[in-house]
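*Asks:*
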Amino acid sequence: MNLLRGLVARPWRFAAEATALLIAALVAFPLYWMVLSAFKPAGEIESTEARPWTTAPSLDSFRRVFEQQEFGRYFVNSLVVAGAVVIASALIAFLAATAVTRFRFRFRTTLLIMFLVAQMVPVEALTIPLFFLMRDAGQLNTLGSLILPHIAFSLPFAIWMLRGFVKAVPEALEEAAYLDGASRARFLWQILFPLVLPGLVATSVFSFISAWNDFLFAKSFIISDTSQSTLPMALLVFYKPDEPDWGGVMAASTVMTIPVLVFFVLVQRRLVSGLGGAVKD
Amino acid sequence: MTSVTHRKTWTPWLFLAPALVVLGGLLAYPIYQLGLISLFHYTQAQVSGGEPTTFEGFGNYAELFGDSQFWEVLLATVVFAAACVVSTLAVGCALAVLLTRVRALPRLALMLAALGAWATPAVTGSTVWLFLFDADFGPVNRVLGLGDHSWTYGRFSAFFLVLLEVVWCSFPFVMVTVYAGIRAVPGEVLEAASLDGASQWRIWRSVLAPILRPILVVVTIQSVIWDFKVFTQIYVMTNGGGIAGQNLVLNVYAYQKAFASSQYSLGSAIGVVMLLILLVVTLGYLRLLRRQGEEL
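Here it is in structure tokens:
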């Protein structure tokens, strides 16, 4: 009864909600299809009728993924790269953001503009000089060749975004801390850091994603030692344009997507408020 | 500002030091190198040390600008990026407004679906969309009754397919940001507008859009920067730039020139062109910010 009354009273809202649900289903469909195909037995994937369900889920594709390649190793490599980038860039960005919001000094505005301009640098174009740089430093075929550039590329955005969070901590708090005899280091790590942590988490989503998703550097810098490869490269092993192993590709894609999804869902709230703060600021 | 911040010390530079070292070594220096390489003759022979490097001046640029393929790729890049930006913004803004009109449950559903799309790595997104539109086994052709129509064969349909994927994974950023912006607008303002008899479109045009302008500028610029640099989607979905390079964009073009045909200096020259174009966009953005009187 209630539903019916609501329907009559507010037909527009009902239409809006139906649209929202429909669009949600559409947006989620590719992910649903990915997971579904990963569990479908080979015969069902390579069939001409595309059924949106399966009656005989199988782990064959996953087994193929984990057995055929050193997939576990690639997974760990990806985790190491993303983890190192997230931690390093969060710490460095926190210090830099503190400097540009809590101090007035010469070239401050210039620096801020530089950080903004740095965000637009097409990372991909720098693959060529970075390749030579890594070669000369003997870093080709190491995870370091993936970690270092990603720290550099995620810093400008991280600093820019963290600014708002650092600014939001009242100056009075800082003065009170000093009056109570706290040293600058103590204020920084024991008072400011915990307060800015939610912002750091939101920011780290972006560095995590850029490192985890990286395809170009992995393709260009890890040229001969495949034991140092990361997931995106492993995924493409299954994808041969002429006859792709769709089951394998979808299973590998599922494995690669899940950690990011988990990370996103965990920080979802902070992400939304963090973005709002960073943009408004 | 207070006395704490006025004190003249080296402390801020100490705090900035790690960031400056990393950015200097891995961003500024490579940019300098990029410019340098683009001025030399640099191919496989020079890389392996077989031949000395020779200074070319702007020879590489002359060669690039004399190549009709470069202009074609540049045009394709601009048109493709523009189409992506417009579609992403339209979808993102429309859905952000829709989010404010619905109750918690549908909102959560749409939010979660969008977060899922956002979180999907570019490589997996690309392969999944390829599979969806696969000529033999994809569900889209079955549903639309297109038989074994190949989406990646034609130039425009291949670009269209990549565009769909790009919009799918980038509209959530716009939607979430604009939604957060709308939520920050005081309810009374919107109420007053609708009491005055303004239509939905009118409210959006005359009330919300002006208030949200700073946010819209940010998401637009971000989208321009991202979509102009699309690499993975084009590379994976069109298998390195499409049949006979029909789906090349500048980024992939530079990569192919450098790493597939070892013309590192030409690849670098393309990189410099991209850098300059994006620099112009960013400077325009900075002017906009300044005109809005924002303090950095």
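Taken in sequence, the protein lines are chains A and B. Here the numbering used here is used: position 39 in the first sequence is 39, and no number is missing along the way. Here the numbering used here is used: position 220 in the second sequence is 220, and no number is missing along the way. From the three backbone atoms N, C-alpha and C, an ideal C-beta is built for every residue, glycine too.
Where does B/Val131 fall in DSSP's three states?
*Replies:* For this step, residue 131 of chain B is matched to residue 131 along the second sequence. Position check: residue 131 of chain B holds Phe in this sequence, whereas Val was assumed. The answer is helix: DSSP assigns B/Phe131 an H, G or I state.
*Asks:* Where are the alpha helix (DSSP H) runs, 4 residues long or more, that stay fully inside the segment 119–176 of chain B, in chain order?
*Replies:* 122–132, 139–144
*Asks:* Enumerated in chain order, which unbroken segments of the alpha helix (DSSP H) with a length of 4 residues or greater are wholly contained in the segment 227–274 of chain B?
*Replies:* 232–237, 250–255
*Asks:* Strictly under 8 Å for the Cβ-Cβ distance: is B/Trp201 near chain A by that measure?
*Replies:* For the purposes of this step, residue 201 of chain B is taken as the residue at position 201 of the second sequence. By this cut-off, B/Trp201 is not an interface position.
*Asks:* Please compile the residues from chain B whose C-beta is within a distance smaller than 8 Å of the C-beta of A/Ser37.
*Replies:* Walking along the first sequence from the start, residue 37 of chain A turns up at place 37. The answer, in chain order, is Phe131.
*Asks:* For A/Thr98, does the three-state DSSP call read helix, strand or coil?
*Replies:* Within the first sequence, numbered from 1, the residue matching residue 98 of chain A stands at position 98. A/Thr98 falls in the helix class under three-state DSSP.
*Asks:* Could you tell me which chain A residues have their CB closer than 8 Å to the CB of B/Val78, listed as they occur along the chain?
*Replies:* Counting from 1 along the second sequence, the entry for residue 78 of chain B is found at position 78. Within chain A, no residue comes near B/Val78; the closest Cβ sits about 14 Å away, beyond 8 Å.
*Asks:* If we define contact as Cβ-Cβ less than 8 Å, is A/Glu49 a contact residue for chain B?
*Replies:* In the first sequence, residue 49 of chain A corresponds to position 49, counting from 1. At least one beta carbon of chain B lies nearer than 8 Å to the beta carbon of A/Glu49.
*Asks:* Would you mind reading off the limits of the alpha helix (DSSP H) that contains B/Met63?
*Replies:* As a first step, residue 63 of chain B is located in the second sequence; it is residue number 63 there, counting from the start. For the record, residue 63 of chain B in the displayed sequence is Glu; it is not Met. Residues 59–65.
*Asks:* Around the C-beta of B/Thr2, are 16 or more other C-beta atoms found within 10 angstroms, so that it is buried, or is it exposed?
*Replies:* To locate residue 2 of chain B, count along the second sequence from 1; it is residue 2. Any reading at B/Thr2 needs caution, since the residue's pLDDT is 44, under 50, leaving its predicted position unreliable; the model's value is listed next. Exposed: under 16 other Cβ atoms inside 10 Å.
*Asks:* Anyone know if the C-beta pair for A/Leu148 and A/Val169 falls short of 8 Å?
*Replies:* For the purposes of this step, residue 148 of chain A is taken as residue 148 along the first sequence, with counting starting at 1. For the purposes of this step, residue 169 of chain A is taken as residue 169 along the first sequence, with counting starting at 1. No, Cβ-Cβ distance for A/Leu148 and A/Val169 is not below 8 Å.
*Asks:* Which of helix, strand or coil does DSSP assign to A/Thr230?
*Replies:* On the first sequence, position 230 is the one that residue 230 of chain A refers to. The answer is coil: DSSP assigns A/Thr230 none of H, G, I, E or B.
*Asks:* May I ask which residues mark the beginning and end of the alpha helix (DSSP H) holding B/Pro186?
*Replies:* Counting from one through the second sequence, the residue named residue 186 of chain B turns up at place 186. From DSSP, B/Pro186 is part of no alpha helix (DSSP H); its letter is neither H nor E.
*Asks:* How about B/Val174 and B/Cys93: do their beta carbons lie closer than 8 Å?
*Replies:* Counting from one through the second sequence, the residue named residue 174 of chain B turns up at place 174. Counting from one through the second sequence, the residue named residue 93 of chain B turns up at place 93. Contact flag set, yes.
*Asks:* Between which two residues does the alpha helix (DSSP H) harbouring A/Lys219 extend?
*Replies:* Position 219 of the first sequence holds residue 219 of chain A. Here the alpha helix (DSSP H) through A/Lys219 covers 216–221.
*Asks:* Counting pairs of beta carbons, one from the segment 228–247 of chain A and one from the segment 106–120 of chain A, are three or more of them closer than 8 Å?
*Replies:* no
*Asks:* Could you work out which residue in A/Leu173, A/Trp189, A/Pro259 is closest to A/Ile92 when comparing CA atoms only?
*Replies:* Numbered from its first residue, the first sequence carries residue 92 of chain A at position 92. Of the candidates A/Leu173, A/Trp189, A/Pro259, the one whose C-alpha sits nearest the C-alpha of A/Ile92 is A/Trp189.
*Asks:* Give, in chain order, every unbroken run of the beta strand (DSSP E) that is at least 3 residues long and sits entirely within the segment 9–45 of chain B.
*Replies:* none
*Asks:* So if I threshold CB-CB distances at 7 Å, which residues from the segment 97–113 of chain A count as touching chain B?
*Replies:* Thr98, Ala99, Arg102, Phe103, Arg104, Phe105, Thr109, Leu112, Ile113
*Asks:* Nearest to B/Gly57 by CA position, among B/Gly35, B/Glu165, B/Asp67, B/Glu51, is which residue?
*Replies:* For the purposes of this step, residue 57 of chain B is taken as the residue at position 57 of the second sequence. Minimum Cα distance to B/Gly57 is reached at B/Gly35.
*Asks:* Going along chain A, which residues have a C-beta under 7 Å from B/Leu110?
*Replies:* Here the question's residue 110 of chain B lines up with position 110 in the second sequence. Chain A residues near B/Leu110: Ala20, Ile23, Ala24.
*Asks:* Against B/Pro186, what residues of chain A qualify as contacts under a CB-to-CB distance less than 9 Å, listed in chain order?
*Replies:* Position 186 of the second sequence, counted from the start, is the residue given in the question as residue 186 of chain B. Here the premise fails: no neighbours, minimum Cβ distance about 14 Å.
*Asks:* Please report the Cβ distance between B/Leu250 and B/Val73, rounded to the nearest whole angstrom; I am assuming they are in contact, meaning their Cβ atoms lie under 8 Å.
*Replies:* Position 250 of the second sequence, counting from 1, holds the residue named residue 250 of chain B. Position 73 of the second sequence, counting from 1, holds the residue named residue 73 of chain B. Right, their Cβ atoms sit about 6 Å apart.
*Asks:* Given this structure, state the Cα-to-Cα distance separating A/Gln10 from A/Val100, to the nearest angstrom.
*Replies:* Here the question's residue 10 of chain A lines up with position 10 in the first sequence. Here the question's residue 100 of chain A lines up with position 100 in the first sequence. It is worth fixing the name first, because residue 10 of chain A is Arg in this sequence and not Gln. Going from the Cα of A/Arg10 to the Cα of A/Val100 covers about 50 Å.
*Asks:* What residues from chain B crowd round A/Phe264, counting only those whose CB sits closer than 9 Å?
*Replies:* Counting from one through the first sequence, the residue named residue 264 of chain A turns up at place 264. Result: Leu115, Gly116, Trp118, Ala119.
*Asks:* Check whether the segment 24–42 of chain A touches the segment 124–138 of chain B, taking contact to mean three or more Cβ pairs, one atom from each stretch, closer than 8 Å.
*Replies:* yes
*Asks:* Could you name the residues of the same chain whose beta carbon sits closer than 7 Å to that of A/Leu235, not counting the 5 residues immediately before and after it, in chain order?
*Replies:* Position 235 of the first sequence, counting from 1, holds the residue named residue 235 of chain A. The answer, listed in chain order, is Val249, Ala252, Ser253, Met256.
*Asks:* Can you list, in chain order, the residues of its chain with a C-beta nearer than 7 Å to that of A/Leu195? Leave out the 5 residues immediately preceding and following it.
*Replies:* Here the question's residue 195 of chain A lines up with position 195 in the first sequence. Excluding positions up to five away in sequence, the list reads Val169.
*Asks:* What separation, rounded to the nearest whole angstrom, lies between the Cα atoms of A/Ala152 and B/Leu26?
*Replies:* Within the first sequence, numbered from 1, the residue matching residue 152 of chain A stands at position 152. Within the second sequence, numbered from 1, the residue matching residue 26 of chain B stands at position 26. Each residue's alpha carbon lies about 6 Å from the other.
*Asks:* List, in order along the chain, the chain A residues whose C-beta lies closer than 7 Å to that of B/Tyr264?
*Replies:* Taking the second sequence and counting its residues from 1, the one referred to as residue 264 of chain B is at position 264. Going along chain A in sequence order, the residues near B/Tyr264 (Cβ under 7 Å) are Ile128.
*Asks:* For chain A, check one thing: does any of its Cβ atoms lie closer than 8 Å to the Cβ of B/Gly57?
*Replies:* To locate residue 57 of chain B, count along the second sequence from 1; it is residue 57. Output row for B/Gly57: interface = no.
*Asks:* Can you give me the Cβ contacts of B/Gln292 inside the same chain, cut-off strictly under 7 Å, excluding the 5 residues immediately before and after it?
*Replies:* Stepping through the second sequence from its first residue, residue 292 of chain B is reached at position 292. Excluding residues within five positions, the ones whose Cβ falls inside 7 Å are Pro214.
*Asks:* Under a Cβ-count criterion, where at least 16 other Cβ atoms within 10 Å of its own Cβ denotes burial, should A/Ala15 be classed as buried or exposed?
*Replies:* Numbered from 1 along the first sequence, position 15 holds the residue referred to as residue 15 of chain A. Exposed.
*Asks:* Could you spell out the range, first to last residue, of the alpha helix (DSSP H) harbouring A/Asn213?
*Replies:* Position 213 of the first sequence, counting from 1, holds the residue named residue 213 of chain A. Here the alpha helix (DSSP H) through A/Asn213 covers 193–213.
*Asks:* Give a yes or no on whether the minimum CB-CB distance between A/Ala141 and chain B is below 8 Å.
*Replies:* For this step, residue 141 of chain A is matched to residue 141 along the first sequence. At residue 141 of chain A the sequence reads Asn, which differs from the Ala that was named. By this cut-off, A/Asn141 is not an interface position.
*Asks:* Have a look at B/Phe133, B/Asp148, B/Leu98, B/Ala244 and flag the residue whose alpha-carbon is nearest the alpha-carbon of B/Arg155.
*Replies:* Stepping through the second sequence from its first residue, residue 155 of chain B is reached at position 155. Of B/Phe133, B/Asp148, B/Leu98, B/Ala244, the residue nearest in Cα terms is B/Ala244.
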